[in-house]
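Following: one structure in structure tokens, then a few remarks.
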Amino acid sequence: MRKTTETSTGDEKADIVLKFQQLARDDLRQDNARDFICHTTDGDRIALIGSKTELITLELIDRINYQMPLPYVVAGFELNTKARPLDKLVQQVNVEHIYNSCNALEVQQLSLDPCYGSGISTQEVADATLLAAKWSPQPLPNGNMVLAFLNSYGSLELVTKKAQQPFWHYYEQHDISAIFRDELQPPFEVAPDKIDTFRRYQAFIDRSWITMFAWRSLESDNGNHVLVLGTAVGSLWTLSLSGDAQTVQAYRELHTLLDRICYMHVFEDLLLVGDISGQVHLYRFNENDEGGMELVKPLWLRPDQMALQQAVITRCDERKCYYIACCKGAHLLVWCMPQLPGGENWLETRFLVGGIKITGFSSIGNSSYVLGTARGPLYRIELQHKAAQLSVSKQLIEIDDVENFGAMGIFNSPHSNLLTLLFVRNKEYMLDNKLLRRELTVYVGKLSKDDSLAKLTELLSNNEPINRYKDLLSDVRLQIFNRHDMEKFIKFGSCESLVVGELVTLMQQQQLQLKYHVMDALQHVQQYQTKEYCEMEMKLLLSILTITHIRLRLQYLTGLTKLTPFQTKASQCQLQEMLRIKQQLEELLVKEQPINTTIKRFLDLIEVHFSAVQQKLGKPPKLDANQESKRCCISFVELLPELETHYCTLCGRQALMEQQLLLELYEPGSRLVCPYCHGAFIMELCDA
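For the sequence shown, the residue numbers in numbering that gives the first Met the number 0 are 0 to 687.
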């Protein structure tokens, strides 16, 4: 049983205007712009499919600098527009004989669709266009990211690249389209050379024609990849790939009542599927089912020839339900599904947005969305779920300088603090200008006034690198670069109000690491304070960060009954580093400056702690003033030249290659993170 409501609204509910706070803007080239030209898996990695010759991706960067127009690494890949895996099947059939026996409608379909008619065409077949490009939620064993893209001829290919790098490369070990066509398909009902009717020929081609795909996230961390494929006959295939994505370990097929599948969206264990006739079905992955999934509910059975454009599934734990929002034309269709079988009844509502059609859509909460229309306006949509009824309200979002633009894509960051909007000019304003026709404008900003710095302080964990909160970190840096709330950030980054006790804690270290990121961004801007002041603040902050890290490590080592050889060596090197910092800070006191009071207070604290630790661990060797060498940022042991480097992905500071030795300086179960910026470490071969 379900309850249905339908609402239609004009601008009378949109009189409360929300202001979009723009933080970054840039232009990209897309020569085949159309509705929903992009896709995102997790909110911080976006793939654009609006170009005929090039795949462009946007990856949220770990550490944006002042010169970068967008907080994204823009990576490109030149496409092979001639990839047509179905041609091998066409060559096995006497297409000319089938053409001569077709009726008028069949002749038209055979002639107009290049996938069917490439065997009889006397002209060059049109180049393929991109249908979808999606990132795998799982990396390869070497840490590289994987992206799959599908063209209009059913060619599904994989590309790979290192994180934060601007170039994709073919992953040639695995041709999924060829394996799907040649190895996974059962024998056809008749031999290919015996096919004599168009219907049989169409069925022979369509069963191997991949028309849409999606990646599935697995709860188990076994490193495997799962691809879900949709075909032109409406069947759904689940392919389990090995961790290196080189072999198909298992596969299942589910026959459905759908036509050619054109849309797929995965959320947790749910799969939303739409076909070209307009039908929409909801499935749930089920390992016990023969087909690998089961039908939950046919959400839309009317063949209205309006294919599903975009959809979002969210979970509301408070109400123990899922909200399924779908875009069809200018309508927003929303269903409420109980999480548990036998829960509350299904609810449904339909909402006429207007603006000809919806062209951009994203969730910004479990019951709120942002959508854009072909006529330009953006709206914030809010679901009201009260008294077993669903209703919808909208608010207009005001954005500067987009009067003659239409939205092509909307993306929300993982922590819902940054919104990325993609716009193209409306056709009537292009003035037949080739450059304008190929221009895609990207805006990055925010709707809410949430304090990302406070949120970052709350979420930051000891063993988790700050890289996983890159959208919050980018938000903080972008606000500083745009000179928003500068007084707040300058006050936060300053060391003058720093209180350091006799015992140091991990919370204090994390607070110092956040100060480091704020001061690093302020150094780029240097508007309200002089360059010398920022440099002095940064020197002092780095000294305090170093001493705080050393104190934490020595506090742990002095509590052990016996030290390993490496622990002994590292403790002596750390005591030496404390002496170096003490000397450097004393040199800073020569010049009269407001920060001297803080430096003196900190030097007194170093003296007390240094004397106490020295009694337990022994005197360190004397400093050699002439000896300048690279040192590990964790143990401060001297780094020797090697073919590989072990460094922080955010600030670039180097550490020893021997991770197990470094972990001896930490409590059991700890994970290595940078003591300065809380970034993750990575190993790479040195450049020649």
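The C-beta atom is built at its ideal place from N, Cα and C for all residues, glycine as well.
In this structure, what does DSSP give as the bridge partners for residue i?
{"i": "D25", "result": "V441"}
{"i": "R550", "result": "None, per the DSSP bridge assignment."}
{"i": "F212", "result": "L228"}
{"i": "M682", "result": "H645"}
{"i": "F422", "result": "A406, T440"}
{"i": "K490", "result": "According to DSSP, K490 bridges with nothing at all."}
{"i": "Q383", "result": "S390"}
{"i": "A249", "result": "S239"}
{"i": "T56", "result": "A46, A74"}
{"i": "K296", "result": "L281"}
{"i": "K133", "result": "A147"}
{"i": "N223", "result": "Partner(s): none; N223 has no beta bridge."}
{"i": "Y555", "result": "Answer is none; Y555 lacks a bridge partner."}
Can the beta-carbon of residue i be found closer than 8 Å to that of residue j?
{"i": "I194", "j": "V92", "result": "yes"}
{"i": "T348", "j": "L389", "result": "yes"}
{"i": "A306", "j": "Y262", "result": "yes"}
{"i": "T56", "j": "D126", "result": "no"}
{"i": "P337", "j": "V672", "result": "no"}
{"i": "S412", "j": "D112", "result": "no"}
{"i": "L238", "j": "V247", "result": "yes"}
{"i": "W167", "j": "A74", "result": "yes"}
{"i": "I63", "j": "S362", "result": "no"}
{"i": "R215", "j": "F148", "result": "no"}
{"i": "Y368", "j": "V279", "result": "no"}
{"i": "L377", "j": "Q29", "result": "no"}
{"i": "L578", "j": "I598", "result": "no"}
Tell me the DSSP secondary structure of residue i in three-state form.
{"i": "M485", "result": "helix"}
{"i": "I465", "result": "helix"}
{"i": "N595", "result": "helix"}
{"i": "S634", "result": "coil"}
{"i": "C688", "result": "A query on residue 688 cannot be resolved here, the shown segment of the chain reaching from 0 to 687 and no further."}
{"i": "C101", "result": "coil"}
{"i": "L622", "result": "coil"}
{"i": "D61", "result": "coil"}
{"i": "A244", "result": "coil"}
{"i": "Q388", "result": "strand"}
{"i": "V712", "result": "Shown here, the chain extends from 0 to 687; a query on residue 712 therefore has no answer."}
{"i": "F565", "result": "helix"}
{"i": "Y71", "result": "strand"}
{"i": "K12", "result": "Unreliable placement is indicated for K12, whose pLDDT of 48 sits below 50; the coordinate value is still reported in the next sentence. Residue state, collapsed to three classes: helix."}
{"i": "I45", "result": "strand"}
{"i": "L395", "result": "strand"}
{"i": "D125", "result": "Correcting the residue type first, residue 125 is Ala in the shown sequence and not Asp. Looking at A125 - three-state DSSP - the assignment turns out to be coil, as it is neither helix nor strand."}
{"i": "L671", "result": "coil"}
{"i": "H264", "result": "strand"}
{"i": "Y665", "result": "coil"}
{"i": "S690", "result": "Past the boundaries of the shown model lies residue 690; the chain is included only from 0 to 687, so the question cannot be answered."}
{"i": "Q714", "result": "Since the first residue shown for the chain is 0 and the last is 687, residue 714 is missing from the structure and cannot be characterised."}
{"i": "I194", "result": "coil"}
{"i": "Q575", "result": "helix"}
{"i": "L17", "result": "strand"}
{"i": "A82", "result": "coil"}
{"i": "K51", "result": "coil"}
{"i": "Q528", "result": "At Q528 the pLDDT is 49, less than 50, meaning the model places this residue with poor confidence; the figure from the coordinates comes in the next sentence. If DSSP states are grouped into helix, strand and coil, Q528 belongs with coil."}
{"i": "L718", "result": "Here the chain comprises residues numbered 0 to 687, so residue 718 is not present and cannot be evaluated."}
{"i": "Q653", "result": "strand"}
{"i": "L417", "result": "coil"}
Determine the extent of the alpha helix (DSSP H) in which residue i is found, giving its start and end residues.
{"i": "Q510", "result": "505-524"}
{"i": "A306", "result": "Careful: A306 lies outside any alpha helix (DSSP H) and carries neither H nor E."}
{"i": "F203", "result": "197-205"}
{"i": "A453", "result": "451-458"}
{"i": "C494", "result": "Careful: C494 lies outside any alpha helix (DSSP H) and carries neither H nor E."}
{"i": "C114", "result": "113-116"}
Where do the N-terminal and C-terminal ends of the beta strand (DSSP E) with residue i fall, by residue?
{"i": "E643", "result": "643-647"}
{"i": "L661", "result": "Element bounds for L661: not the beta strand (DSSP E) but the alpha helix (DSSP H), 658-662."}
{"i": "T39", "result": "37-39"}
{"i": "N150", "result": "144-150"}
* **Ordered list of beta strand (DSSP E) runs contained in the region 310-376, each at least 3 residues** => 320-327, 330-337, 345-351, 357-362, 367-372
* To do: Any chance you could list the beta strand (DSSP E) runs of at least 3 consecutive residues sitting entirely within the region 155-187, in chain order?
  => 155-160
* Jot down the residue ranges of each uninterrupted beta strand (DSSP E) in the region 267-293, minimum 3 residues, whole runs only, in chain order. => 269-274, 279-284
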